[in-house]
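Student: Counting in the numbering used here, the sequence shown runs from 65 upward without gaps.
Each residue gets a CB set at the ideal place from its N, CA and C atoms; glycine is no exception.
If you're wondering where the values come from, they're calculated on a predicted model, not measured in any experiment.
Sharing a structure here in structure tokens format.
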Amino acid sequence: MNRSVRFALLAAAFMGAPATPLFAAQRPNILVILADDIGFSDIGCYGGEIATPNLDALAASGLRFTQFYNTGRCCPTRASLLTGLHPHQAGVGHMMGDRGHDGYRGNLNRRCVTLAEALKPAGYRSYAAGKWHVTPGLTAKALADAHNWPLQRGFDRYYGTIHGAGSYFDPSSLVRDNRLITMANDPEYQPKEFYYTDAIADHAVRFVREHARDQKGRPFFLYVAFTAAHWPLHAKESDIARYKGRYDGGYEPVRAARRANLKELGLLDERWAPLAPAERWEDVKDKAFEARCMEVYAAQIESMDRGIERIVGELKAQGQFENTLILYVQDNGGCAEGVGRGKGFTPRGDKPSLPPMGKDEPQFNSTPKQTREGWPVRSGLGVMPGGSDTYIAYGRGWAQVSNTPFREYKHWTHEGGISTPLIVHWPAVIKDEEEGDAAARRRGGRLVHAPGQLVDIMATCLDAAGATYPTEFRGEKIKPLEGTSLRPLFTGQAIERLRPLVWEHEGNRAVRDGRWKLVAEENQPWELYDVEADRSECRDLASSEPERVKALAAAWEAWAARADVLPLGTWRGKDGAEDDALSKERRFTLKAGDRLDRTEAPAVAKRGFTITAKFDAGAARDGVIVAQGGKAHGYALYIADGRLHFTARSSAGRATASTPGPAGGAHSAIARLDSDGALTLTMDQQPILTAKMGGPIAVMPRDGLDVGSDSGGLVGPYPASNRFSGSIESLIIEIEEP
Ligand SMILES: [Ca+2]
Ligand SMILES: [Ca+2]
65 MNRSVRFALL AAAFMGAPAT PLFAAQRPNI LVILADDIGF SDIGCYGGEI ATPNLDALAA
125 SGLRFTQFYN TGRCCPTRAS LLTGLHPHQA GVGHMMGDRG HDGYRGNLNR RCVTLAEALK
185 PAGYRSYAAG KWHVTPGLTA KALADAHNWP LQRGFDRYYG TIHGAGSYFD PSSLVRDNRL
245 ITMANDPEYQ PKEFYYTDAI ADHAVRFVRE HARDQKGRPF FLYVAFTAAH WPLHAKESDI
305 ARYKGRYDGG YEPVRAARRA NLKELGLLDE RWAPLAPAER WEDVKDKAFE ARCMEVYAAQ
365 IESMDRGIER IVGELKAQGQ FENTLILYVQ DNGGCAEGVG RGKGFTPRGD KPSLPPMGKD
425 EPQFNSTPKQ TREGWPVRSG LGVMPGGSDT YIAYGRGWAQ VSNTPFREYK HWTHEGGIST
485 PLIVHWPAVI KDEEEGDAAA RRRGGRLVHA PGQLVDIMAT CLDAAGATYP TEFRGEKIKP
545 LEGTSLRPLF TGQAIERLRP LVWEHEGNRA VRDGRWKLVA EENQPWELYD VEADRSECRD
605 LASSEPERVK ALAAAWEAWA ARADVLPLGT WRGKDGAEDD ALSKERRFTL KAGDRLDRTE
665 APAVAKRGFT ITAKFDAGAA RDGVIVAQGG KAHGYALYIA DGRLHFTARS SAGRATASTP
725 GPAGGAHSAI ARLDSDGALT LTMDQQPILT AKMGGPIAVM PRDGLDVGSD SGGLVGPYPA
785 SNRFSGSIES LIIEIEEP
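Given below as structure tokens:
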């Protein structure tokens, strides 16, 4: 036994800590790196053009999993990753709202343990840096309750944000250990320029260094949860500059290049059909703005990679690199939310127009109203993103690029929503065994094709650490671990998975057993895919394989029944009122090309509303004037076959009021949906046309609102290319008071 180990043991005995087992020195350190809102093919070793040399290097001497899955969203992913349970079992089936149901408490419950809590009895010290987001942290009131902050859930040190999104230059809900701080009043960390990604990496480095200094011989668990590349698009100008012009050709050249790279890397089967474009570059009005969005996004990821370089560098400097198990995963697929992409353009003024904020004044809004210096925060199409006074997301077109070659986005349980890289690096264990392994390394690293999901991380870490999952903790009975250890795969052995992989998020649901995946969107029927032959989910086999559908659906139902998932729809809250995050506006004055994110769009659930439109269709015989929602819930005012139609749809079905006459040329129209489900439509003060639905739109549609098209899910029976070629003179939507 060397001196330092003996000293650690003595110290542990003196301090009354649990006796550190003799083999502590051999237990690996564990570093879990979680990235935010990054698609499957963004990083270099998964086919992306974004420079991630440090992740690529870990992959090259480690392993890349080709079929690993997250849960499709920030909070549930964190809950599952930290506890080894499915999110609902940990109390986080949705986000941070309490839905009065154990599966949807919006707060990590006490019948689960975190990785830090589970590793502690094996002698581990635990550190966390970055985004927490498994307990509420949006408001001052929420932040007054620290009972589920990292230090109360097994971690010894913490630096990061409790809430899930915010400025990279001045994050809200910033906490050091158990103390709420601001980037301005933190005496321990005053870099020349504060940038959250750097701050997270700096603290991870610091934890590794201080651990080596103060805890010699003791293993550590370090959880590093970057917010890169979640919106807002915030990056340092010097990083953005490296991508200048790279995306000027639009979405399609990048998607094509990524497919080619993925194939080259052995990550894409040619049988997987390419997907139709979600957005057409030729329709993008402000191409400089749109290209800039992806430049900033890429810069955010490269900056994260440089942070990882520094963490790895510190592990090496401390002689810990060989015996550290590193796992890198992403929390959900590329994000199509249109945050900050709708409202009108506000130019930047010459000087800050608002009073500066004091050093102690916290940013409680995850979307700040102003910067600390007093610049108003701007959003809207055309506001060049990147700086601290902007708040914008990169939108659906780039999200589809991020998720190449897969379908759908963050929120969905189709492959684009839930597929993530998993890079595993552990030199002490992962070694080349055959000539083929060495050859694979020269091509960028070995691949593991066994499917897996987040619940496996706890099982894997405990296996690697020689730790035991508890049956009781803090006097509470702990739910049994759901995952399967992936460790045998590290040395080329097989794993036996006893249960299928399962998902539920916002009513979207899926189950995968072997090559077969059953998947559905909320309130939609099951689709069946052979993901080996068709991982882009283009050929639905549900109607030709009814027995397989039945068996997989039964497996999903059985899981949902035992794992606090049911009843479906609980995530929306009682009476469908759901989150407080929805817009409180009652009147919307809109223009062509406007796009409002779900949280900015009219809150139409269970409400009556009126659309007043003046338009000139010219010679157009088709096209959407305004649409909100998709194929489950929503409404649309559109022209088809030269007539004007108003459609609304909900769980109660779909109803359409249509004008008889031609709608070419200039017209004014009023469309109304009453809270009892009655639709009325009138054009140019002609007689009123009516139709009836079983009730109002029951729940807030997931899709936002588009003026001049319907993107994403389609409300009406028109094609995906439904742009209105006429002009929209004015468009007003007014909703009734609740
Ligand atoms: Ca996320
Ligand atoms: Ca839509």
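Does Val465 come out as helix, strand or coil in the three-state DSSP assignment?
Tutor: Locating residue 465 in the sequence shown gives position 401, where the first residue counts as 1. Looking at Val465 - three-state DSSP - the assignment turns out to be helix.
Student: Is any heavy atom of ligand 2 found at a distance shorter than 8 Å from the C-beta of Ala691?
Tutor: Along the sequence shown, one-based indexing puts residue 691 at 627. True, at least one ligand heavy atom lies under 8 Å from that Cβ.
Student: Relative to the alpha-carbon of Ala721, which residue among Arg551, Gly728, Gly729 and Ala733 has its alpha-carbon at the smallest distance?
Tutor: Translated into the one-based positions of the sequence shown, residue 721 becomes position 657. Nearest C-alpha to Ala721: Ala733.
Student: Would the C-beta of Asp774 count as close to ligand 2, meaning under 8 Å from any of its heavy atoms?
Tutor: On the sequence shown, position 710 is the one that residue 774 refers to. Asp774 Cβ: within cutoff of ligand 2.
Student: Closest to Phe271 by C-alpha separation, out of Cys357, Glu378 and Tyr315, would be which residue?
Tutor: Taking the first residue of the sequence shown as position 1, residue 271 is located at position 207. Closest by alpha carbon: Glu378.
Student: Should Gln557 go down as buried or exposed, given a rule of 16 or more other Cβ atoms within 10 Å for buried?
Tutor: Sequence index remark: in the sequence shown, residue 557 carries index 493 (1-based). The residue is exposed, with fewer than 16 neighbouring Cβ atoms inside 10 Å.
Student: Any chance you could list the residues with Cβ under 5 Å from a heavy atom of ligand 1, keeping chain order?
Tutor: Those residues are Asp100, Asp101, Cys138, Asp395 and Asn396, given in chain order.
Student: Run through the DSSP bridge pairs and tell me what Tyr455 is partnered with.
Tutor: As a working note, residue 455 is residue 391 in the sequence shown. None; Tyr455 has no bridge partner.
Student: If distances are taken between C-alpha atoms only, which option among Gly402, Thr431 and Asn212 comes closest to Asn173?
Tutor: Reading the sequence shown from its first residue, position 109 is the one you call residue 173. The candidate whose alpha carbon is nearest that of Asn173 is Asn212.
Student: Below 8 Å, can you find three or more Cβ-Cβ pairs linking the stretch 160–174 to the stretch 240–254?
Tutor: With the cut-off at 8 Å, the stretch 160–174 and the stretch 240–254 do not touch.
Student: Assuming contact is defined by CB atoms lying nearer than 9 Å, are Gly759 and Gly741 in contact in what I supplied?
Tutor: Translated into positions along the sequence shown, residue 759 becomes position 695. Translated into positions along the sequence shown, residue 741 becomes position 677. Yes, Cβ-Cβ distance for Gly759 and Gly741 is below 9 Å.
Student: Please report the distance separating the alpha-carbon of Ala355 from that of Leu660.
Tutor: Looking up residue 355 in the sequence shown gives position 291. Looking up residue 660 in the sequence shown gives position 596. Taking the straight line joining both Cα atoms gives about 20 Å.
Student: Could you tell me the boundaries of the beta strand (DSSP E) in which Ile792 lies?
Tutor: Position 728 of the sequence shown, counted from the first residue, corresponds to residue 792. Start and end: Ser791 to Ile799.
Student: Hey, how far is the Cα of Lys670 from the Cα of Arg650?
Tutor: In the sequence shown, the residue the question calls residue 670 occupies position 606. In the sequence shown, the residue the question calls residue 650 occupies position 586. The straight-line gap from Cα to Cα measures roughly 14 Å.
Student: Would you say the beta carbon of Val763 is closer than 8 Å to some non-hydrogen atom of ligand 3?
Tutor: Ligand 3 is absent from the structure shown, which contains only ligand 1 and ligand 2.
Student: Do Ser430 and Thr261 come within 9 Å of each other at the CB atom, strictly closer than that value?
Tutor: Reading the sequence shown from its first residue, position 197 is the one you call residue 261. Reading the sequence shown from its first residue, position 366 is the one you call residue 430. No, the pair does not count as a contact, with Cβ atoms beyond the cut-off.
Student: Mapping DSSP to helix, strand and coil, what is Val318?
Tutor: Position 254 of the sequence shown, counted from the first residue, corresponds to residue 318. Helix, per DSSP.
Student: According to DSSP, is Trp567 helix, strand or coil?
Tutor: In the sequence shown, the residue the question calls residue 567 occupies position 503. Reduced to three states, the DSSP call for Trp567 is strand.
Student: Could you tell me the distance, in whole angstroms, from the CA atom of Tyr253 to the CA atom of Met247?
Tutor: Numbered from its first residue, the sequence shown carries residue 253 at position 189. Numbered from its first residue, the sequence shown carries residue 247 at position 183. The alpha-carbon atoms of Tyr253 and Met247 are separated by roughly 8 Å.
Student: Would you call the stretch 542–550 in contact with the stretch 522–532, where contact means no fewer than 3 C-beta pairs closer than 8 Å?
Tutor: Yes, they touch.
Student: Is any non-hydrogen atom of ligand 2 found closer than 8 Å to the C-beta of Val779, if you look at the structure I gave you?
Tutor: Reading the sequence shown from its first residue, position 715 is the one you call residue 779. Within the cutoff, so yes.
Student: Whose CA, out of Phe673, Phe652 and Ile675, lies closest to the CA of Glu664?
Tutor: To locate residue 664, count along the sequence shown from 1; it is residue 600. Checking every option, the nearest Cα to that of Glu664 belongs to Phe652.
Student: Quick check on Pro802: buried or exposed, where buried means 16 or more other Cβ atoms within 10 Å of its Cβ?
Tutor: Here the question's residue 802 lines up with position 738 in the sequence shown. Exposed.
Student: Are there three or more Cβ pairs, one per stretch, closer than 8 Å when the stretch 691–700 is compared with the stretch 710–721?
Tutor: Counting Cβ pairs under 8 Å, three or more are found: they touch.
Student: Below 9 Å between beta carbons: does that hold for Gly397 and Thr484?
Tutor: As a working mapping, residue 397 is identified with position 333 in the sequence shown. As a working mapping, residue 484 is identified with position 420 in the sequence shown. Yes, they are a contact pair.
Student: Do three or more CB pairs link the stretch 419–426 to the stretch 400–409 at distances below 8 Å?
Tutor: The stretch 419–426 vs the stretch 400–409: no contact.
Student: Hey, would you say the C-beta of Gly694 is under 8 Å away from at least one heavy atom of ligand 2?
Tutor: Sequence index remark: in the sequence shown, residue 694 carries index 630 (1-based). Answer for Gly694: yes, Cβ within range of ligand 2.
Student: Can you tell me whether Pro440 is helix, strand or coil according to DSSP?
Tutor: Looking up residue 440 in the sequence shown gives position 376. Strand.
Student: Is there a C-beta anywhere in chain B that falls below 9 Å from the one on Gln279?
Tutor: In summary, chain B is missing from the structure at hand, where a single protein chain is found.
Student: Who are the Cβ neighbours of Leu632 in its own chain at under 7 Å, not counting the five residues just before and after it?
Tutor: Counting from one through the sequence shown, the residue named residue 632 turns up at place 568. For Leu632, where only same-chain residues beyond five positions count, the Cβ hits under 7 Å are Gly571.
Student: Relative to ligand 2, is the shortest distance from any of its heavy atoms to the C-beta of Gly698 smaller than 8 Å?
Tutor: What you label residue 698 is simply residue 634 of the sequence shown in a count that begins at 1. Yes, since a heavy atom of ligand 2 falls inside the 8 Å radius drawn around the Cβ of Gly698.
Student: Cα separation between Gly790 and Arg579?
Tutor: Within the sequence shown, numbered from 1, the residue matching residue 790 stands at position 726. Within the sequence shown, numbered from 1, the residue matching residue 579 stands at position 515. Going by the C-alpha atoms only, they are around 47 Å apart.
Student: Please name the residue in Arg576, Gly728 and Leu778 whose C-alpha comes closest to that of Gly620.
Tutor: Against the sequence shown, residue 620 aligns to sequence position 556. The question names Gly, yet the displayed sequence has Trp at residue 620. Among Arg576, Gly728 and Leu778, the Cα nearest to that of Trp620 belongs to Arg576.
Student: Would you mind working out which of Ser715, Glu181 and Ser231 sits nearest Leu202, comparing C-alpha positions?
Tutor: Locating residue 202 in the sequence shown gives position 138, where the first residue counts as 1. Nearest option by C-alpha distance: Ser231.
Student: For ligand 2, is there any heavy atom lying closer than 8 Å to the beta carbon of Asp770?
Tutor: What you label residue 770 is simply residue 706 of the sequence shown in a count that begins at 1. Indeed, a heavy atom of ligand 2 lies less than 8 Å from the Cβ.
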